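Engineer: In UniProt numbering, the protein residues as written are 1 to 448.
Quick one: structure below, then a few questions.
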């Protein structure tokens, strides 16, 4: 009995005894001594209450009735039954109110139990050890057996493990050191192999590089020699002809020096000088012939470049920045004139083909009535008359060159070919002013 302050009472609740339930089959008659205590029976609708007072040592027994009609049955959440006592234990859920900041609306939870307990959080942690181990249970008698005083252990998946030699810490350390040495040895060998392979690859690449470089230098030297030879055999620029003239002058000086070193006199010296002058004159004539051929080639190249440029379509930029090619009537006209010029330039042996080309040129030119067009028409008529008379192509080659030259003047005139305006060399006001002022200076110098 517990002591209470004055005016308080100590109350003991005594439940009525429960009837003994029949024991299940194959249950031991008495539980072992080490078994846990039997839990109390669940409360019923009526129980007895003992009330003790300080003045009266005898308790007052009161009967308390519990009305469970309005209580909802507890939801079943699983459980288990103790086979030793036959008592069923059910799983329950409980929760308490959380700590809530002041001034904030309190959050309510549905009541799940009649009592409030602390909330719990479950965590699962898995740990895998570095070494495997075996555990063996002894079949000693325990209170868990159903048919005898012992635990029934199944040996279906059991197998035997033979232990090896015992290994102490020193042996384990020596094994680790040997493993480290083995790993380092093979690692260093692999690193050395990779380094050696890189060095071999670098040496092979450098060897190949120098071989290719020597070959390229040799090819460049040979190409340079061939270029210099072709530059002298077939000069095409002003620098090439200047080089030929300088070499001719150097050769002339060297030949005169050799001639003077021979100490020739009289007729022999005159004869040697005459031969040297003849060689020099022949070389000069050769250079002049090369100049004429080069001028023809350069002029033909210039004409072809102009014809191609005039026939190119216009490149216009749209508002979105895209570039498009636009063919205008002027570019079409330039392309047709360029095609006529190329056909007129060809060497044609058949008289019918030549007359067809001359007919196309005549139809193109006769649209305009100018001095140039009338001259071209007269030349075309003259060539047609000569061909009808049976003249050979060689005898009228000069006339054909004249027709070609005049037709080129027709093509590059902006009056007949609007696209030729980009190549027109028109004098500007600045040039006219310079000439005018130069004339004024010359006139002023003549007057006192």
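Backbone N, C-alpha and C fix where the C-beta goes; we use that ideal spot for every residue, glycine too.
All of these numbers come straight from a predicted model, not from anything done at the bench.
#1: In this structure, how does DSSP classify residue 319 when only helix, strand and coil are distinguished?
#2: Beta strand (DSSP E) containing residue 65: first to last residue?
#3: So is residue 73 buried or exposed if we call it buried at 16+ other beta carbons inside 10 Å?
#4: Considering only C-alpha positions, which residue in the set 79, 403, 413 and 245 is nearest to residue 286?
#5: Which residues does DSSP pair with residue 324 in a beta bridge?
#6: Smallest Cα separation from residue 59: which of 66, 65 and 51?
#7: If you draw a straight line from the C-alpha of residue 437 to the C-alpha of residue 337, how long is it?
#8: Below 8 angstroms between beta carbons: does that hold for residue 306 and residue 412?
#9: Can you round the beta-carbon distance between residue 377 and residue 365 to whole angstroms, since I take them to be within the 8 angstroms contact cut?
#10: Is it buried or exposed, residue 194, if we count other Cβ atoms within 10 angstroms and call 16 or more buried?
#11: Per DSSP, what kind of secondary structure is residue 81 in: helix, strand or coil?
#12: What's the C-alpha gap between residue 384 and residue 314?
#13: In whole angstroms, what is the alpha-carbon distance linking residue 358 and residue 270?
#14: Distance, Cα to Cα, residue 77 vs residue 64?
#15: Whole angstroms are fine: how far does the CA of residue 370 sit from the CA of residue 348?
#16: Looking only at C-alpha atoms, which of 404, 292 and 317 sits nearest to residue 343?
#17: Go to residue 52, then tell me how far its beta strand (DSSP E) extends in each direction, as first and last residue.
#18: Between residue 82 and chain C, is any beta-carbon pair separated by less than 8 angstroms?
#19: In or out: residue 416 buried (at least 16 other Cβ within 10 Å) or exposed?
#20: I'd like to know if the segment 231 to 241 and the segment 287 to 303 are in contact, where contact means that at least 3 CB-CB pairs between them fall below 8 angstroms.
#21: I believe residue 410 touches residue 386 by the beta-carbon criterion, under 8 angstroms. Please report the beta-carbon distance rounded to the nearest angstrom.
#22: Entirely within the segment 148 to 234 and at least 4 residues each: give me those alpha helix (DSSP H) ranges in chain order.
#23: Between the C-alpha atoms of residue 273 and residue 289, what's the straight-line distance to the nearest angstrom?
#24: What are the complete alpha helix (DSSP H) segments, minimum 4 residues, inside the UniProt domain "IQ motif and ubiquitin-like" (300 to 432)?
#25: What's the gap between the Cα of residue 48 and the Cα of residue 67?
#26: Where does residue 89 sit, in a helix, a strand or coil, going by DSSP?
#27: With DSSP run on the structure shown, which of helix, strand or coil describes residue 76?
#28: Can you tell me which of the three DSSP states residue 128 falls into?
#29: Tell me whether residue 265 sits in a helix, a strand or coil according to DSSP, three-state version.
#30: How would you call residue 157, buried or exposed, if buried means at least 16 neighbouring beta carbons within 10 angstroms?
#31: Are the CB atoms of residue 414 and residue 330 nearer to each other than 8 angstroms?
#32: So what's residue 237 in DSSP terms, helix, strand or just coil?
#33: DSSP three-state label for residue 242, please.
#34: Classify residue 56 as helix, strand or coil using the three-state DSSP reduction.
#35: Where residue 323 and residue 421 are concerned, what is the direct C-alpha to C-alpha distance, given to the nearest angstrom?
Structural biologist: Based on what the coordinates show:
#1: Reduced to three states, the DSSP call for residue 319 is coil.
#2: It spans 60 to 65 - the beta strand (DSSP E) in which residue 65 sits, taken as one unbroken run.
#3: Exposed, since its Cβ has fewer than 16 Cβ neighbours within 10 Å.
#4: 245
#5: Looking at the DSSP assignment, residue 324 forms a beta bridge with 316.
#6: Nearest in C-alpha terms to residue 59, of all of 66, 65 and 51, is 51.
#7: Confidence in residue 437 is poor, its pLDDT being 48 and thus under 50, which makes the residue's placement unreliable; the coordinate value appears in the next sentence. Each residue's Cα considered, the two are about 41 angstroms apart.
#8: yes
#9: 6 angstroms
#10: exposed
#11: strand
#12: When rounded, the separation of the alpha-carbon atoms in residue 384 and residue 314 is 38 angstroms.
#13: 58 angstroms
#14: 30 angstroms
#15: Distance between the alpha carbons of residue 348 and residue 370 is about 29 angstroms.
#16: 404
#17: 46 to 52
#18: This model lacks chain C altogether, as it is built from one protein chain only.
#19: Its Cβ being crowded by 16 or more others within 10 Å, residue 416 is buried.
#20: Yes: the two stretches touch, three or more of their Cβ pairs being nearer than 8 angstroms.
#21: Wrong, their Cβ atoms sit about 21 angstroms apart, outside the cutoff.
#22: With a minimum length of 4 residues, the continuous alpha helix (DSSP H) runs that stay inside the segment 148 to 234 are 169 to 233.
#23: Note on geometry: alpha-carbon atoms of residue 273 and residue 289 lie some 24 angstroms from one another.
#24: Here the runs fully enclosed are 329 to 345, 351 to 365, 371 to 388 and 397 to 411.
#25: When only Cα atoms are considered, residue 48 and residue 67 end up about 15 angstroms apart.
#26: strand
#27: coil
#28: coil
#29: Reduced to three states, the DSSP call for residue 265 is coil.
#30: For residue 157, the number of other beta carbons within 10 angstroms of its own is below 16, and it is reported as exposed.
#31: no
#32: coil
#33: Residue 242 falls in the helix class under three-state DSSP.
#34: Three-state DSSP puts residue 56 in coil, outside helix and strand.
#35: Cα-Cα distance, rounded: 23 angstroms.
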